[in-house]
Amino acid sequence: MGLDVPVRPQRGQILVTEALPPLLRHPSVPARQARSGTLLLGATHEEEGFDAGSTAAGICRVAASTRRYFPFLARVAVLRAWGALRPLSPDGLPILEQPAGWPGLFLVTSHSGITLCPAVGRAVAEWVRVGHRPSGLPFFDRVRFRAGAPGRLEPTPAEVSVE
Numbered sequence: 237m238g239l240d241v242p243v244r245p246q247r248g249q250i251l252v253t254e255a256l257p258p259l260l261r262h263p264s265v266p267a268r269q270a271r272s273g274t275l276l277l278g279a280t281h282e283e284e285g286f287d288a289g290s291t292a293a294g295i296c297r298v299a300a301s302t303r304r305y306f307p308f309l310a311r312v313a314v315l316r317a318w319g320a321l322r323p324l325s326p327d328g329l330p331i332l333e334q335p336a337g338w339p340g341l342f343l344v345t346s347h348s349g350i351t352l353c354p355a356v357g358r359a360v361a362e363w364v365r366v367g368h369r370p371s372g373l374p375f376f377d378r379v380r381f382r383a384g385a386p387g388r389l390e391p392t393p394a395e396v397s398v399e
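Residue 237 is where the sequence shown starts when you use this note's numbering, and the numbers rise one by one after that.
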């Protein structure tokens, strides 16, 4: 299409537990509870190219890190685990843009896997409906990645670490 969209893959691995009584009122960083009662635990942040597979090492890291927050999880059965790819921009922030010269095309990517999808989806649906970017939606155009762009964010070494 001729559009440069600077994203790279990052693998995340997630564990799903057996169904439990309601434990979490709100999603937390390492866990969210589905309506079925299962807990989704995760995730890793691995630079493995386009390899979306789960690994024993990744599963062990997720289990160990979530047990630090929720010690009772040591006694909960894990039903399944999987790996998936999330697209990341150079600064780790979303790309939300309607490119000039491409009517009807919306770039909506790099918003941290499943965490922000519902909010971003609502905002973009409103954008499509009204025909212009909603005032409450910050500007996340690709222009910010051009050298010398105003407001260009340069990640610190701590922000680009994988764990």
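Using N, Cα and C, we set each Cβ at its ideal position, and we do this for glycine too. Please read all numbers here as calculations on a predicted model, not as lab measurements.
Per DSSP, reduced to three states, the secondary structure at E283 is coil, with no helix or strand assignment. In the three-state DSSP reduction, A313 falls in the coil class, being neither helix nor strand. Take L275, set aside five residues on each side of it, and the residues of its chain with a beta-carbon closer than 6 angstroms to its own are T253, A267, Q269, in chain order.
If the five residues before and after P326 are omitted, its C-beta is found closer than 7 angstroms to the C-beta atoms of P242, F381, all from its own chain and listed in chain order. Three or more beta-carbon pairs drawn from the stretch 360 to 380 and the stretch 326 to 342 are found closer than 8 angstroms, and the two stretches are therefore classed as touching. Between the stretch 336 to 349 and the stretch 285 to 303, the count of C-beta pairs closer than 8 angstroms stays below three; the two stretches do not touch. Looking at the DSSP output, E333 shares a beta bridge with L343. For I250 and A317, the gap between their C-alpha atoms comes out near 6 angstroms.
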